[in-house]
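*Asks:* Under mature numbering (1 follows the signal peptide of the UniProt record, and there is no 0), the residues of the sequence shown are numbered -23 to -1, 1 to 538, in order. Heads up, the beta-carbon is just placed ideally off N, CA and C, and yes, glycines get one too. Quick caveat, the model's predicted, so the values are computed rather than measured.
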Amino acid sequence: MTSRKTRWICTLVALVIALAGCAGLPVSGEPQRVSRPDSPNAGVIIDPQGPAQDSSPENLVTDFLRASGASVAGDFSVARQFLTPEAAARWNPATELRIYQDTQNPAVSQTRNGAIRVSAAAAGTLDDRGRYTSATPDAILNAEFSLVKNAEGQWRIATLDDGIMIPSSIFQSLYAETILYFLTPDRAALVPEARWYLNSSQAVSAVEGLIGGPSQWLATGAHSALPAEASLTTRGVTITDGVAHVDFSADVATLPEADRIAMEAQVSKTLMNVSGVQSVKLTSQGAELDIPEKRDLSSYPYSSYTLTGLSNGLPATVSSGTVTQISAPEGLALTAIAPSYSDPASWAAGLGNGGQTIYNVSLSGDGASPMIQGTNLVAPSVDRHGWVWTTEREANAKMQAFHRDSGQHVVFDVSWLQGLTVRDIAVSREGARMVVVAERDGQAQMIAAAIARDTAGVPIEIGEPLRFGQSQYDVADVAWTSEVRVAALARNQGTSTSGVVTVGLGVPGAPLASADNVVAIAAGRGTDSVVIQNANNDLLSYDGAGWRVIAEDVTAPAYPG
C-alpha cells in the first residue's frame, strides 16, 4: 500500500478522536435537536477534503473512503464530490455500514476490467435500523468502484455499492451501543434489543427505534406500547441538566392509561442508558403527558441465587465452598439439573434415566416425579413462569415445554430445527427469548428465537431464528450473563483450545478466559458469576482475573434459567 493510502487511515483515526465529542446529524431521517453537556471537544470542525487534482483511480477511491468515513456524522456532501453527478444522486450511504478490522489496512487494487477493488478483513455490518451483525471469522469485505473521466479529464466514481466502509475503531468511537426496551405480553418485564446509534443523535434514534418496534425475529415475543403512528415533534429530544425531555405528537396523549404507563417505562429505561441522562420527562405537543403511575420494570429479572449441581448423582447446593447434598429417590441417574426461580429453590428440573426423562425434583427432599419422557433429551431450561423447556437432541423440528405446577405439556412445531442436532438451550431471564446451540455437519450454530406467550405467560409459539455469533467458536454450552450476552463454553474452530467467551445478540463478542478440559458452564448476572466444571469434576468461578476452585466432586453446575 502506498504511503498516501496508509496516511488516510491515520488521518481518519485522528478525525474520529475529535468527533467523539462533537454533535452531528443522523445518517438518515430528519435532523432533531439534542442538547448535550459541554464537551472539551466542542467546536472542533471536521472538514474532509474533496478530490485532489489529477488523482489516479486508486488514490481517488482511497480519498473517497476517507471522505465518506469522516462524513458518517455529517451529510456526505464532500464524499459525493468524488462521484459522477448520476452516481451522487443514486448513492445512499445510510443503507449499511460495513465495518472492517483494524489489524491491517484495506488492500486497494485494480481488476482486469479496470475497476478499483477494496478488500479488508470484515468485523461486522450495521443496517439502517442500527442492528449489528458480526462477521464470520474468515469473511472479507469487498467493494468495487468503476471510474470514468469527466469533461475536465478528472477521474470520478461512476458505480459503487450503497453504504460505506469504516474501520472498527472508528465505529466504536462514533456509535454507542443502545439497548431498546420492549414489553413482554404480560407487561411484567422488559425485553431488550441491542441497536447502535451515532453518539450525536443517540437519544432521538433510540426513541424512534422504540416507535419502530422490535425486529421481526423478536416481535413474536415482544411489543412496544408506543403506536407505530406516533412521532417526535420538531422539539425532538432535548437533554438539559440531566433531564431528557421527549416531546411526542398529539396522538400519544389519547392512548389508554395502561399504554401511557407502559410507554413511559420503555422510554425511561431506554434513555437512562444515554450519557448525561439522569431522568426522563414525556410531553405531547409541549404539554406534560399524564402518567398516573411510574413502573420500574426489570429487563433482567434475576436475583441472587444459590449455585446448584449434582454430587454423586444427587442434587446439591454449593455455598461458600460447602457442598450440601439434598436427598432424592435412588435410581434417577441425574446428569443435569435446572433449578427454579426462587431462593432457596424449592424444585428443579432434572435430566435422568439415561436422557429419557426430565423429572420434577423436590429440593426439600420430597421426592421426584416425571414431567417429560423422550429418547435423548437435551438438558432442561426453566423460565420465570415455571415452564420447563427441552427438545430431543435430534430435534425433528419439535420443542417441548411443561408447566411444573399445572402439568400442562405443549409441543411446538419449529421448522428451523429440522436437521439440527441440539446441544443446549437456555431461556432468557424475562422469558421472551431462547438461545439454542446446535450443529449441522459438525459445525456449531448459535440461534436465538422469540417465545410468544399469552398474557398469563403460557407459551404459544416459537418464532423465526436469528443466527448470531457467526460460527466463530465451536460452542457446546451457554448461560445468560446479561440482557443481550451469553457466556459460552467454546473451542476455537479446528483447534483443541477451550475456554469461555461472551457472545452477544447484536453486539460484538469477546474472549473471557481460557481453561483446560471444560465440560459445563453456569452463570447468573455478569461475567463474575460464571462457574465452570472441568473434567476432574471441580467447579471453578471467575473472579475477573482467572479461575479459582470453589468445590470438588460436583457436576452439572446451574443457576436458575
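Runs of 3 residues minimum, wholly inside the region 364 to 396: which ones carry the beta strand (DSSP E) assignment?
*Replies:* For the region 364 to 396, whole beta strand (DSSP E) runs of length 3 or above, ordered along the chain, are 364 to 367, 375 to 380 and 386 to 390.
*Asks:* Less than 8 Å between the C-beta atoms of alanine 403 and glycine 501, yes or no?
*Replies:* The count along the sequence shown starts at 1 and reaches residue 403 at position 426. The count along the sequence shown starts at 1 and reaches residue 501 at position 524. Their beta carbons are not under 8 Å apart, which means alanine 403 does not touch glycine 501 by this criterion.
*Asks:* Name the two residues that bound the continuous beta strand (DSSP E) containing methionine 411.
*Replies:* As a position in the sequence shown, residue 411 is number 434, starting the count at 1. Segment 410 to 417, the beta strand (DSSP E) holding methionine 411.
*Asks:* What residue range is occupied by the uninterrupted beta strand (DSSP E) comprising glutamate 170?
*Replies:* Position 193 of the sequence shown, counted from the start, is the residue given in the question as residue 170. 167 to 175 is the extent of the beta strand (DSSP E) around glutamate 170.
*Asks:* Could you pull the start and end residues of the alpha helix (DSSP H) that arginine 75 belongs to?
*Replies:* Within the sequence shown, the letter at position 98 stands for residue 75. Unbroken run through arginine 75 is the beta strand (DSSP E), 73 to 77; no alpha helix (DSSP H).
*Asks:* What is the C-beta distance between arginine 381 and tryptophan 324, in whole angstroms, given that I count them as a contact (C-beta under 8 Å)?
*Replies:* Mapped onto the sequence shown, residue 381 falls at position 404. Mapped onto the sequence shown, residue 324 falls at position 347. Yes, they are in contact, since the Cβ atoms of arginine 381 and tryptophan 324 sit about 7 Å apart, within 8 Å.
*Asks:* What whole-angstrom Cβ distance do valine 55 and proline 83 have, given they're in contact under 8 Å?
*Replies:* In the sequence shown, counting from the first residue as 1, residue 55 sits at position 78. In the sequence shown, counting from the first residue as 1, residue 83 sits at position 106. That pair is no contact at about 20 Å.
*Asks:* Within the same chain, show all residues whose beta-carbon is closer than 6 Å to that of methionine 240, passing over the 5 residues directly before and after it, in chain order.
*Replies:* The residue given as residue 240 occupies position 263 in the sequence shown. Ala202 and Leu203, listed in sequence order.
*Asks:* Exposed or buried, what is glycine 46 when buried is set at 16 or more other beta-carbons lying within 10 Å of its beta-carbon?
*Replies:* To locate residue 46, count along the sequence shown from 1; it is residue 69. So glycine 46 counts as buried.
*Asks:* Is there contact here, the region 420 to 434 with the region 134 to 145, by at least three beta-carbon pairs under 8 Å?
*Replies:* Verdict: no, contact absent.
*Asks:* How would you write the range of the alpha helix (DSSP H) that methionine 240 sits in, first residue to last?
*Replies:* Here residue 240 refers to the residue found at position 263 when the sequence shown is read from its first residue. Its alpha helix (DSSP H) spans residues 234 to 248.
*Asks:* DSSP on asparagine 119, reduced to helix/strand/coil?
*Replies:* Here residue 119 is taken as the residue at index 142 of the sequence shown, counted from 1. Three-state result, asparagine 119: strand.
*Asks:* For the beta strand (DSSP E) containing leucine 516, list its first residue and its last residue.
*Replies:* Here residue 516 is taken as the residue at index 539 of the sequence shown, counted from 1. From DSSP, the beta strand (DSSP E) with leucine 516 extends over 516 to 519.
*Asks:* Skipping 5 residues on each side, what residues in its chain have a beta carbon closer than 6 Å to that of glycine 198?
*Replies:* In the sequence shown, counting from the first residue as 1, residue 198 sits at position 221. Around glycine 198: Ala409, Ala427, Ile428 and Ala429.
*Asks:* How would you label glutamate 35, buried or exposed, when you count the other beta carbons within 10 angstroms and need 16 or more for buried?
*Replies:* Counting from one through the sequence shown, the residue named residue 35 turns up at place 58. Buried, since its Cβ has 16 or more Cβ neighbours within 10 Å.
*Asks:* Enumerate in chain order the residues of its own chain whose CB-to-CB distance from serine 506 is below 6 Å, with the five nearest sequence positions on each side excluded.
*Replies:* Looking up residue 506 in the sequence shown gives position 529. Correct list, in chain order: Ala500.
*Asks:* Which residues mark the beginning and the end of the beta strand (DSSP E) in which phenylalanine 53 is found?
*Replies:* Along the sequence shown, one-based indexing puts residue 53 at 76. Counting along the chain, phenylalanine 53 falls outside any beta strand (DSSP E), and DSSP gives it neither H nor E.
*Asks:* Given a threshold of 16 other Cβ atoms within 10 Å of its Cβ, counted over all protein chains shown, does glutamine 243 qualify as buried or as exposed?
*Replies:* Taking the first residue of the sequence shown as 1, we reach residue 243 at position 266. So glutamine 243 ends up on the buried side.
*Asks:* Could you compute how far the alpha carbon of proline 169 sits from the alpha carbon of threonine 155?
*Replies:* Counting from one through the sequence shown, the residue named residue 169 turns up at place 192. Counting from one through the sequence shown, the residue named residue 155 turns up at place 178. Spanning the two alpha carbons is a distance of roughly 10 Å.
*Asks:* Secondary structure at alanine 99, three-state DSSP: helix, strand or coil?
*Replies:* Here residue 99 is taken as the residue at index 122 of the sequence shown, counted from 1. Correct three-state label for alanine 99: strand.
*Asks:* For isoleucine 134, count neighbouring Cβ atoms within 10 angstroms of its own Cβ and tell me buried if that reaches 16, exposed if not.
*Replies:* Taking the sequence shown and counting its residues from 1, one reaches residue 134 at position 157. Isoleucine 134 should be labelled buried.
*Asks:* Using the Cα positions of cysteine -14 and alanine 153, report the straight-line distance between them to the nearest angstrom.
*Replies:* Stepping through the sequence shown from its first residue, residue -14 is reached at position 10. Stepping through the sequence shown from its first residue, residue 153 is reached at position 176. Bear in mind that the predicted position of cysteine -14 carries a pLDDT of just 34, short of 50, making it unreliable; the figure below should be weighed with that in mind. Cα to Cα, the separation comes out at about 22 Å.
*Asks:* Helix, strand or coil for arginine 462? Go by DSSP, reduced to three states.
*Replies:* As a first step, residue 462 must be located in the sequence shown, where it is residue number 485. Note: arginine 462 maps to strand in three-state DSSP.
*Asks:* From this set, Val412, Trp194 and Val508, which residue's C-alpha is nearest glycine 481's C-alpha?
*Replies:* Position 504 of the sequence shown, counted from the first residue, corresponds to residue 481. The candidate whose alpha carbon is nearest that of glycine 481 is Val412.
*Asks:* What does the alpha-carbon distance come out to for the pair alanine 372 and tryptophan 393?
*Replies:* Within the sequence shown, numbered from 1, the residue matching residue 372 stands at position 395. Within the sequence shown, numbered from 1, the residue matching residue 393 stands at position 416. Roughly 10 Å between the two C-alpha positions.
*Asks:* Select from Ile268, Gln385 and Glu416 the residue whose C-alpha is nearest the C-alpha of glutamate 234.
*Replies:* By one-based count along the sequence shown, residue 234 stands at place 257. Considering only alpha carbons, the answer is Ile268.
*Asks:* Since valine 495 contacts asparagine 511 with CB under 8 Å, what's their CB separation in whole angstroms?
*Replies:* Working through the sequence shown from its first residue, we reach residue 495 at position 518. Working through the sequence shown from its first residue, we reach residue 511 at position 534. Correct: roughly 6 Å between the Cβ atoms.
*Asks:* Got a sec, what are the start and stop residues for the alpha helix (DSSP H) arginine 108 sits in?
*Replies:* For the purposes of this step, residue 108 is taken as the residue at position 131 of the sequence shown. Arginine 108 -> no alpha helix (DSSP H), and no H or E assigned at all.
*Asks:* Which stretch, first to last residue, makes up the alpha helix (DSSP H) that contains serine 32?
*Replies:* Here residue 32 refers to the residue found at position 55 of the sequence shown. Note, serine 32: premise wrong, no alpha helix (DSSP H); not H, not E.
*Asks:* Less than 8 Å between C-beta atoms, sequence neighbours within five positions excluded: which residues of the same chain meet that for alanine 227?
*Replies:* As a working note, residue 227 is residue 250 in the sequence shown. Closer than 8 Å at Cβ, skipping near neighbours: Ser261 and Gln262.
*Asks:* Suppose the cutoff is 6 Å on Cβ atoms and the five residues either side in sequence are ignored; what does the same chain contact list for leucine 291 look like?
*Replies:* Here the question's residue 291 lines up with position 314 in the sequence shown. Hits under 6 Å: Gln302 and Ala305.
*Asks:* If we ignore side chains and look at the alpha-carbon of each, how far apart do alanine 533 and asparagine 250 end up?
*Replies:* One-based indexing of the sequence shown puts residue 533 at position 556. One-based indexing of the sequence shown puts residue 250 at position 273. Looking at the two C-alpha atoms, the distance is approximately 36 Å.
*Asks:* Are the region 156 to 167 and the region 270 to 282 touching, with three or more C-beta to C-beta distances below 8 Å?
*Replies:* Cβ pair count under 8 Å is three or more, so yes.
*Asks:* Secondary structure at glutamate 185, three-state DSSP: helix, strand or coil?
*Replies:* One-based indexing of the sequence shown puts residue 185 at position 208. Glutamate 185: helix per DSSP, three-state reduction.
*Asks:* Do isoleucine 93 and valine 85 count as a contact pair if the criterion is CB distance below 8 Å?
*Replies:* Locating residue 85 in the sequence shown gives position 108, counting from the first residue. Locating residue 93 in the sequence shown gives position 116, counting from the first residue. Yes, the Cβ-Cβ distance between valine 85 and isoleucine 93 is below 8 Å.
*Asks:* Quick one: Cα of arginine 400 to Cα of glutamate 63, how far?
*Replies:* For the purposes of this step, residue 400 is identified with residue 423 of the sequence shown, where counting begins at 1. For the purposes of this step, residue 63 is identified with residue 86 of the sequence shown, where counting begins at 1. Rounded to whole angstroms, arginine 400 to glutamate 63 spans 52 Å at the Cα level.
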